[in-house]
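Each position in the sequence shown, counted from 1, maps to that position plus 8 in the working numbering.
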Amino acid sequence: MTELLTKSEFIDKIFDFENKKEWDYNGDVPVLIDFYADWCGPCKILAPVLDQLSEEYEGKVKIYKVDTESEQELSTVFGIRSIPSMLFCPVGEDPQMAHGALPKKQIEQIILDVLKVSK
Numbered sequence: 009m010t011e012l013l014t015k016s017e018f019i020d021k022i023f024d025f026e027n028k029k030e031w032d033y034n035g036d037v038p039v040l041i042d043f044y045a046d047w048c049g050p051c052k053i054l055a056p057v058l059d060q061l062s063e064e065y066e067g068k069v070k071i072y073k074v075d076t077e078s079e080q081e082l083s084t085v086f087g088i089r090s091i092p093s094m095l096f097c098p099v100g101e102d103p104q105m106a107h108g109a110l111p112k113k114q115i116e117q118i119i120l121d122v123l124k125v126s127k
């Protein structure tokens with residue numbers, strides 16, 4: 009299942025944006041971070057897809073969610089202007105952002121191309 013991230017958990021698990029200027033991912037497994045809000049229709053459509061993907065890629069990719077309403081600072085740091093927005097963080101490379109409620113096949117392709125992970 010997907011896991012909700014707070015700002016402090018984001019700093020611990022993903023990237024300490026308060027103390028570092030250059031991207032430096034803290035994890036050892038690629039991650040997909042979904043920036044969402046409870047009131048967002050497309051976010052609700054995307055949620056079960058991300059739950060499926062978290063099961064299918066278990067141990068290979070971690071999938072987190074950031075509530076843009078309660079974690080506004082994180083949204084600002086990453087320039088989130090529309091939701092859903094997904095941040096794909098490969099190990100050892102810069103992250104890439106995708107916007108919108110993308111179909112499962114397209115997310116799987118991004119996982120393959122950006123995160124370098126296959127099922």
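All C-beta atoms in this analysis are idealised placements derived from N, C-alpha and C, irrespective of residue type, glycine included.
All figures in this text were calculated on a predicted structure; none of them were measured in a lab.
Practice task
Starting from the Cα of residue 76, find the closest Cα among 59, 14, 23 and give me that residue.
Solution key: 14
Exercise for the section: Given a cut-off of 7 Å, decide if residue 46 and residue 58 are closer than it, judged by their beta-carbon atoms. Expected result: no
Handout entry: residue 123 beta carbon less than 7 Å from that of residue 86
Key = no
Exercise for the section: Look up residue 97 in the DSSP assignment and say whether it is helix, strand or coil. Expected result: strand
Problem - Extent of the continuous alpha helix (DSSP H) run through residue 55 - result: 49–64
Practice task
Output yes or no for whether 7 Å exceeds the beta carbon distance between residue 54 and residue 92.
Solution key: yes
Handout entry: Beta-carbon proximity of residue 109 to residue 118, cut-off 7 Å
Key = no
Practice task
Measure the Cβ-Cβ separation of residue 71 and residue 40 and say whether it is below 7 Å.
Solution key: yes
Practice task
Evaluate residue 74 with the Cβ neighbour count: other Cβ atoms within 10 Å of its Cβ, from every protein chain shown; 16 or more gives buried, anything less gives exposed.
Solution key: buried
Handout entry: Under the three-state DSSP convention, the category residue 112 falls into
Key = helix
Problem - For residue 25, the three-state DSSP class (helix, strand or coil) - result: coil
Handout entry: Which residues DSSP lists as bridging residue 106, in chain order
Key = 94
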